[in-house]
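Novice:
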Amino acid sequence: MIRALPDAPRVSFALATALALALSSPRAHASERLFAAFDLQGWRKAGALTVTGPPLDIGGPDALLDNDPRTTVRIPGVPDAEILLAFQSGQIVRKVTVITGSTTPARVALTVIGEGNQQARVGEFEVREGAEAVFHLADVTVSRLRVDVTRLEGEAPLSLADIRVEGQLEIMAISLEDVPETLPDGGSFPYRVLGHDSLGGRPDLTERIQLVVEPQRALALQPGFRAATRVQGPVSLQAHLGMLRSLMRPLMVTAIAPPPPVPEAVPGLAVVTLHLQGDPPFQISRRTTGDKTEVALGRTETNVYYDDTVEPGMAYAYTVRRTDRLDNPVTEHSDEVRVRTFKRLPSGWTAPGRIPVLVALFTDSFAAGEQEAAIASLEAARLFIYRHSLGRVVLDPVYLPVSGPTPVTTGPTMLGIEQRLRHLGIRDDQFGVVFAIANDVEGDYAGFHLLGRSIGAMGRGARVPTPSGALGPAPYIAWSFVHELQHVFAALVAASDQPLPLPSGHFAEDFGPLGMLGTARGRPFDGNEAWDGAALLLAGFDDIARIGPPWRRPLEVLDRDDDGLPDADARVPLDELRFGTNPLSPDTDGDELPDFAEAAAGLYRGTNPLNPDSDDDGLPDGQDPWPLSNFTGVVSKSRLPRFLASVPTPADPDKPPVLLSASWNEQALAFEILTDRPMDVFLDIDGSGGLGRWETDVNTGTATNPASDVWAGPSRITLRANTIPIGVFVGNRPLPGAMVASERQAGGSYRLLAVLPRRLGPGADDVLVPGNAPIEEGLRLRAGTVLGLAVTVRPSRVNDPAPFDPFPMDADWTSLFDTHHLMDARLQD
């Protein structure tokens, strides 16, 4: 241990720590042999163990070897199975435990195979759901272990929770984990000691070590491997195991600080909101007027706390104190603030509710700047959800940076993430949704149950075409967040007796040949892909009120003009103050488009709520089907293309100049596109108009192989007239009978002219095609037909590596309208 010599200068705590770490390294070549549980998962990752057998669902071998009985894997499709664990070198084994899952009774047998391939059947057990089969061995040297599992009854898949093996380990080093850098006087913390064995595993040896503390009485060791502070100042901890020593861990014990300022309390009918000052987390306590004792309510990770356990017309007193992540108090209690709840909600107040969301950001997986970019895009996604649900979905996010390696999520599973969050003090049901973000999670998934009844989702970002800046600097994170939350909402509504399932955002599954949705939901889904479809799902999400605690909780706001936008409330993503509108008028500019509808007029932004004609086309926003575009909505029957739309417009000044014209006759559809440089053009065409991308009322295929009249996604139409390959393509297939040409105009602009024949061939096959749909050869080119159009342009490139992809990451592209959004145009004589 480090002590200052008599009369020597005082050694700083930081310097003493550095010296301690330098002098307390484990001795070279020291090791200890002992009997303990093997870290099979760590050995497998280090290549010291292989696992063979049938396919394992939900987590695979990692879940089977993780010593967590909650991670249950299934072995589908077979009544019996053999799982073989093969060690890189012979291991002395004393005990093997097999824990079954919770599906069906089974017979479990164990065979050990020695280094000379000698086999011995140890025994077998008949076990019920979730029971253990424990096999004791006489310290046998084992090369392989074979576990045979046989289903005894029923048809449910075989299920296993864990295979555990105990035997002799050679421990090369030990490490003391989870010691905080600082701790308040009287605080406590749990500690762990991990071994580093000769095969690359990290077994838990906490029960076997001796913990040495300097000063000796600085910490009190408690049951459950916790340590509580007794003195203030620097403390050093070191774990001992025979000849092995861990690195010395420094801990500074601080005095309890003065109390934080008295919180500001905002009363409501079903909720009291506390606004807090200082650095979170905070612990909140409450006393009902007349009671002498206060009750601890919980903790908040932000400077806002919602008490939604109050009753109307009651008086309460609140105090607050700062805590650390281990719930140790860092300050004294503040003075009380008193508040009385409403007996009834006053005039002008509404109760939209809120969904508390914990966003766990695993920072070790991020490069520089990625965490900040992710949070900015998550806030943009939160606004997107709020706008398109017209204020019905209010997300209340808490951003929690989590250091250290990302837990294993293979399977997928969020159990490792749950364990990490519990260690950080997150309680059951504290949040309705837990969303984990890391570059190294298994993928984008939702529907996990963790931390009580919270619904879990995770993502690493999915590339969805998004205009630059529309959803922040990391739009791939924004998409994962919105899309996975859509799955969460669908699951929650379905669980609340929704008579028809809610689309989850996998539109090809929701609406396609195997889908059960579509117009049967009672409303057409006139949407396209990605953000366009997500916005429409939010607009149709009128079942949010069906969802209750812990997922949706009370939030009350002042909205005097009852237009859905609160007057001025920082707890929601947008209000009248930030939008610049009049809180006493539901339609500030008098254009017949309400203020909140102005906010949701476009996919990525709204119209100007202070300008009655945002796109300056002569139509007030409230009478304009396309208030952000001068789109005419009419394709005329003519020999020459006539004006359809142009960009930029006053509502969208940042786009490059494009002039779009179109015409039709009974045999063809023609487009003319004027641009300021040579461009390739990409068209989504929906021949069924108002039904949208995912539904059709005709069949362009055959009776046995139906297809739609939607040319989008993999069947999108590409117009190339400037660089090879030149032509008109459906997907990457040249379209017979089509024509495309390009020329430079006298004024310096470029004119691209394309003619599409009526017979475009079969469209996308992932669309809902009714079984009795009439057969069409392609486009229905007759007066009254409504076509959905989405148009994207990007500069032509020589040796283009992605000639048929409108949205490559290495190229500039822009959509004339909102990306993917289908504009409905009627064919007119």
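For what it's worth, the working numbering labels the leading residue of the sequence shown as 1008, then goes sequentially. Ideal Cβ positions, reconstructed from N, Cα and C, are used throughout, including at glycine. Computed from a prediction, not measured in an experiment: that's the story for all the values here.
1) What is the DSSP secondary structure of T1826, reduced to helix, strand or coil?
2) The alpha helix (DSSP H) that contains Q1048, what's its start and end?
3) When you compare only the Cα positions, how much space is there between R1861 and L1796?
4) Between I1484 and R1467, what straight-line distance do the alpha-carbon atoms span, to the nearest angstrom?
5) On the CB-based measure, 16 or more other CB atoms within 10 Å of its CB, does R1789 come out buried or exposed?
6) Quick check on the DSSP output: the beta strand (DSSP E) that includes D1659 runs from which residue to which?
7) Mind checking who T1413 pairs with in its DSSP beta bridge?
8) Straight-line CA distance for R1765 to L1647?
9) Opposite L1117 in the DSSP bridges: which residues?
10) Below 7 Å CB to CB, which residues in the same chain sit around L1544 once its five sequence neighbours on both sides are set aside?
11) In three-state terms, what does DSSP make of I1444?
12) Going by Cα to Cα distance, which pick from Q1095, A1037, R1040 is closest to V1058?
13) Provide the residue span of the alpha helix (DSSP H) that contains P1068, from first to last.
14) Tell me, please, whether the CB atom of F1438 is closer than 7 Å to any CB atom in chain C?
15) On the criterion of 16 or more Cβ atoms from any shown chain inside 10 Å, does P1359 qualify as buried, or is it exposed?
16) When burial is assigned at 16 or more other CB atoms within 10 Å of the CB, is V1774 buried or exposed?
17) Under 8 Å: do the region 1140–1154 and the region 1062–1078 share three or more Cβ pairs, one atom per stretch?
18) Could you give the DSSP three-state label for A1748: helix, strand or coil?
19) With W1538 as the anchor, note down where its alpha helix (DSSP H) starts and where it stops.
20) Between the beta-carbon of V1344 and the beta-carbon of V1279, is there less than 7 Å?
21) Hey, could you find the ends of the alpha helix (DSSP H) I1392 is sitting in?
22) Taking its Cβ as the centre, do 16 or more other Cβ atoms sit within 10 Å of S1205, making it buried, or is it exposed?
23) For Q1126 and T1148, what's the separation of their Cα atoms in angstroms?
24) Can you find at least 3 beta carbon pairs, one from the region 1682–1690 and one from the region 1800–1812, that sit closer than 8 Å?
25) Going by beta-carbon coordinates alone, are L1667 and L1651 separated by less than 7 Å?
26) With a threshold of 16 other CB atoms inside 10 Å of the CB of L1591, please say whether the residue is buried or exposed.
27) Alpha carbons only, please: which of L1304, G1376, R1787, D1447 is nearest the one belonging to V1415?
28) Going by other Cβ atoms of all chains shown within 10 Å of its Cβ, with 16 needed for buried, is D1596 buried or exposed?
29) Can you tell me where the beta strand (DSSP E) holding Q1098 begins and where it ends?
30) Please state the DSSP three-state secondary structure of R1034.
31) For A1485, which of helix, strand or coil comes out of DSSP?
32) So, using beta-carbon positions, are V1665 and L1823 closer together than 7 Å?
33) Does DSSP put A1023 in a helix, a strand or coil?
34) May I have the straight-line CA-CA distance separating P1287 from T1330, to the nearest angstrom?
35) Since H1203 sits in a beta bridge, which residues does DSSP pair it with?
36) Return the CA-CA distance between F1373 and L1431, expressed in angstroms with no decimal places.
Specialist: Well, looking at it:
1) coil
2) 1047–1053
3) What the structure shows of the chain is the stretch from 1008 to 1836, and residue 1861 is not part of that stretch, so it cannot be assessed.
4) 7 Å
5) exposed
6) No beta strand (DSSP E) holds D1659; DSSP gives it neither H nor E.
7) Partner(s): none; T1413 has no beta bridge.
8) 17 Å
9) G1130, V1154
10) Q1493, P1510, G1512
11) strand
12) Q1095
13) 1067–1071
14) The chain labelled as chain C is not found in the depicted structure, where only one protein chain is given.
15) buried
16) buried
17) no
18) strand
19) 1537–1546
20) no
21) 1377–1395
22) exposed
23) 12 Å
24) yes
25) yes
26) exposed
27) D1447
28) buried
29) 1087–1107
30) For R1034, the predicted structure reports a pLDDT of 44, less than 50, and the residue's modelled location is therefore unreliable. A value from the coordinates is still provided. If DSSP states are grouped into helix, strand and coil, R1034 belongs with coil.
31) helix
32) yes
33) With a pLDDT of 40 at A1023, under the threshold of 50, the modelled position of this residue cannot be trusted; read the value that follows with caution. Correct three-state label for A1023: helix.
34) 7 Å
35) A1180
36) 20 Å
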